[in-house]
Amino acid sequence: MKRINPNTGKPFKRGDTREDGMVFAAYQLKRKLPSDSQYYYENWRTREDFEQIKAKGSKQAASFIRKQKANNRNKGVKGKRLINPETGKEYKFGDPNEHRTKFFNQYNDWRVDAKGYSLMQWSGTLEQLEIIKNQRREQAKSYRPNNRISLARNAAKQRAKQSNVPFELETKYLKSIFPNDGLCPVFKIPLEFGGEGDDALPQLFHSKSSDVLTHHLLQH
Numbered sequence: 003m004k005r006i007n008p009n010t011g012k013p014f015k016r017g018d019t020r021e022d023g024m025v026f027a028a029y030q031l032k033r034k035l036p037s038d039s040q041y042y043y044e045n046w047r048t049r050e051d052f053e054q055i056k057a058k059g060s061k062q063a064a065s066f067i068r069k070q071k072a073n074n075r076n077k078g079v080k081g082k083r084l085i086n087p088e089t090g091k092e093y094k095f096g097d098p099n100e101h102r103t104k105f106f107n108q109y110n111d112w113r114v115d116a117k118g119y120s121l122m123q124w125s126g127t128l129e130q131l132e133i134i135k136n137q138r139r140e141q142a143k144s145y146r147p148n149n150r151i152s153l154a155r156n157a158a159k160q161r162a163k164q165s166n167v168p169f170e171l172e173t174k175y176l177k178s179i180f181p182n183d184g185l186c187p188v189f190k191i192p193l194e195f196g197g198e199g200d201d202a203l204p205q206l207f208h209s210k211s212s213d214v215l216t217h218h219l220l221q222h
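Per the numbering used here, the very first residue in the sequence shown carries number 3; after that it's consecutive.
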């Protein structure tokens with residue numbers, strides 16, 4: 003039997019703190035408390051030990067998830083997306099569940115449950131949802147300037163696909179030829195991604211005399 007936390011009236015849960023500062027880690031169901039054999043043994047840790055174990059567990063869980071996603075990608079196993087019964091469409095960010103107890107974040111397409119559906123991530127409160135929204139907004143702000151060459155390559159690849167043009171360019175190569183000073187080699191003006199003027203906008207050109215977009219056809 004699990005001993006009850008006198009502060010909550012419920013069994014101890016991971017992270018509960020005693021008056022002496024010790025932190026509850028887990029019940030050990032195969033052992034009994036030496037002081038009272040009717041209760042399961044309790045594993046208590048110092049705050050420092052608990053945080054170290056927690057961090058290690060988080061890293062192990064993250065590693066497991068990454069491996070699971072990678073295995074599913076390699077096998078081409080992508081989950082089906084559960085449909086929101088209220089809208090008849092896929093859930094979108096912020097949609098509540100049917101009981102209005104949590105709010106949708108995103109589908110995790112490469113983590114699949116036993117029925118073949120993508121796992122879904124939820125927030126328990128609107129406050130948590132707002133925090134996630136702000137975090138995504140900040141990540142997007144930093145992602146675009148830091149990955150502008152990758153984004154330009156991906157856009158060019160899509161255009162090539164639409165035009166049935168083979169595409170051989172790699173991001174690593176594009177970064178290697180991009181001017182270190184950020185200036186156009188011809189006009190000596192700053193190159194601006196998303197800029198308004200053609201002169202300042204780095205572009206990937208496809209020569210009509212060639213059937214493939216490859217390294218030697220690049221111009222600034």
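Where is the CB? At the ideal position from N, CA and C, for every residue including glycine.
- Between residue 107 and residue 120, the C-beta gap is not smaller than 8 Å, which leaves the two residues out of contact.
- Scanning 79, 69, 130 and 74 for the CA closest to the CA of residue 96 turns up 130.
- A direct Cα-to-Cα measurement between residue 49 and residue 67 gives close to 27 Å.
- Residue 110 carries a strand assignment under DSSP once its states are collapsed to helix, strand and coil.
- Close CB contacts of residue 134 within its chain, under the 7 Å cut and outside five residues either way in sequence, are with 107 and 125 (chain order).
- A straight-line Cα-Cα distance of about 10 Å links residue 72 and residue 78.
- Put simply, the segment 4-13 touches the segment 36-43. At least three CB pairs are less than 8 Å apart.
- Apart from the 5 residues on each side of it in sequence, residue 113 sits with its Cβ closer than 8 Å to the Cβ of 67, 70, 71, 74, 81, 120 and 121 in its chain, given in chain order.
- Counting only runs of at least 3 residues, the segment 29-97 fully encloses the following beta strand (DSSP E) elements, listed from N- to C-terminal order: 38-47.
- Counting C-beta atoms within 10 angstroms of its own C-beta, residue 171 has 16 or more neighbours from the protein chains shown and is therefore classed as buried.
- In the DSSP assignment, residue 121 falls within the beta strand (DSSP E) that extends over 120-125.
- When C-alpha distances from residue 173 are compared across 152, 180 and 179, the shortest belongs to 152.
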